[in-house]
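S.K.: Sharing a structure, written as structure tokens. Questions coming.
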Amino acid sequence: MILHSFHSEISYFPSSNKAELLAVISALIVLPSNSEVTIYTDSNNIITGYYDIIDRNNFIISPRKFFKIRTNNIYWSILREIIVTNNLTLDFIKVKGHSDDQFNNYINEFITHTDELSNLVFKPNNLINLDYIPQWNNIIIECNLRQFLKKKSKVQHWEKILNLNRNGKYRHPHVNVDWHYIFLMLNRDIEDKVESTYFTSIFSSKRKKQSVNLLTEEIPTVEKRKYLAHKIFDNWKCSFCEQHDETFNHVWMCESRADEMNTIICEVKEFFEETCNSLLVEAKKDPIIDNGLINKITFWIVLIVKRKLPL
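Residue numbering for the sequence shown follows our numbering, beginning at 9 and increasing consecutively.
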């Protein structure tokens, strides 16, 4: 028999786990002291989270451990304090999802009718276990605090790089850059050169510098030299063709270096084909990558059209 019920929305970082956890807190907060309660739920994450985070530690958890919880750490602290303060005995029973359970079906139907005017908010200002609640822009930080600060630092650093004048081309809406893999490539380790990320390798630092220079188009071309010593390099042209200004694009498109660049492109294609096929073999799949498939990549077409190179 269901005596009372209500539904509400939650603010900031909505997820199924957070909704389930707040539902448990809402049920416990109205119970009288010294109550024994059993909660039926189909959320295995809530059950394992409770026994791993709270019950296993005998309800004694340091703030350091709370802030290491991956998500919803503040609400796990609220749940713990409600149980300890009111001396509640809590147990969970797992209900199989989509098992046509009467009450589970009722809840699934009930929560589909949300109330946009009702917003469930818990104020963690007076938590005994946590003297300070970390916030960012007046929003409570609910995830792993150290990982949040690390990610925030990375985003701020990336924003500074993106807003440089030299990177204006990357800010256009039609330019789709996968920055995650860009930074993976910039920070890649050198095999057999670096034993640990805690050591600095001159070789890896030099290669990263070269990669950043290519990304920002800051290689030492004649046109770049003119900014530093205009009187010396004023009338200088490309040292290979001696006809055009040596800009970043001209370094790769100079007709006098067509054979050299064509050799590099062919070597990259061969490396790409061998690497892809070796990965397919390791995955126990057929090595189907050939020169025909590689030539369909639009990147090569752009180079060939601009430089008028033969396939």
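For every residue, glycine included, the Cβ atom is placed at its ideal position computed from N, Cα and C.
Quick caveat, the model's predicted, so the values are computed rather than measured.
Give every residue of the same chain whose Cβ lies closer than 7 Å to the Cβ of Phe-256, excluding the five residues on either side of it in the sequence, and list them in chain order.
M.R.: Glu-225, Ile-227, Thr-229
S.K.: Out of curiosity, what's the CA-to-CA distance linking His-238 and Lys-214?
M.R.: 28 Å
S.K.: Go ahead and label Trp-84 buried or exposed: buried means 16 or more other beta carbons lie within 10 angstroms of its beta carbon, across all protein chains shown.
M.R.: buried
S.K.: Report yes or no: do three or more beta-carbon pairs, one from the stretch 273-280 and one from the stretch 240-258, lie closer than 8 Å?
M.R.: no
S.K.: Excluding sequence positions up to five away, which residues of its chain have a Cβ less than 8 Å from the Cβ of Ile-47?
M.R.: Val-32, Ala-35, Leu-98, Asp-99, Phe-100, Ile-101
S.K.: Based on the DSSP output, what are the partners of Leu-98 in its beta bridges?
M.R.: Note: Leu-98 sits in a beta bridge opposite Val-45.
S.K.: Checking the sheet assignment: what are the DSSP bridge partners for Ile-148?
M.R.: Gln-143
S.K.: Is Ile-37 closer than 8 Å to Ile-90 when the C-beta atoms are compared?
M.R.: yes
S.K.: Contact check, Ile-141 vs Ile-82 under 8 Å by CB: the rounded distance?
M.R.: 7 Å
S.K.: Along the alpha helix (DSSP H) that carries His-12, what are the first and last residues, could you check?
M.R.: From DSSP, His-12 is part of no alpha helix (DSSP H); its letter is neither H nor E.
S.K.: Can you say whether Tyr-58 is buried or exposed, counting buried as having 16 or more other CB atoms within 10 angstroms of its CB?
M.R.: By the C-beta density criterion, Tyr-58 is buried, having at least 16 other C-beta atoms within 10 angstroms.
S.K.: Would DSSP call Asn-270 helix, strand or coil?
M.R.: helix
S.K.: Do you know how far the Cα of Ser-24 is from the Cα of Lys-104?
M.R.: For the pair Lys-104 and Ser-24, the Cα-to-Cα distance works out to about 16 Å.
S.K.: I need the straight-line Cα distance from Leu-157 to Asn-145, nearest angstrom please.
M.R.: 13 Å
S.K.: In or out: His-258 buried (at least 16 other Cβ within 10 Å) or exposed?
M.R.: With 16 or more other Cβ atoms inside 10 Å of its own Cβ, His-258 counts as buried.
S.K.: For Asn-127, which three-state DSSP category applies?
M.R.: strand
S.K.: What number of angstroms, rounded off, separates the C-alpha of Asp-60 from the C-alpha of Asn-66?
M.R.: Here the C-alpha atom of Asp-60 lies approximately 10 Å from the C-alpha atom of Asn-66.
S.K.: Which residues in the same chain as Asn-285 place their Cβ atom closer than 7 Å to its Cβ, once the five residues preceding and following it in sequence are excluded?
M.R.: Within the same chain, Asn-285 has close Cβ partners Pro-295, Ile-297.
S.K.: Consult DSSP for Glu-17 and reduce its assignment to one of helix, strand or coil.
M.R.: strand
S.K.: With distances taken between CB atoms, is the gap from Asn-80 to Lys-26 smaller than 8 Å?
M.R.: yes
S.K.: Output needed for Ser-41: all residues of its chain with C-beta closer than 7 Å, excluding positions within five of it in sequence on either side, in chain order.
M.R.: Asn-94, Asn-95
S.K.: Identify which residue in Asp-186, Ser-219, Lys-177 has its Cα closest to the Cα of Arg-196.
M.R.: Ser-219
S.K.: When you compare only the Cα positions, how much space is there between Tyr-20 and Ser-209?
M.R.: 42 Å
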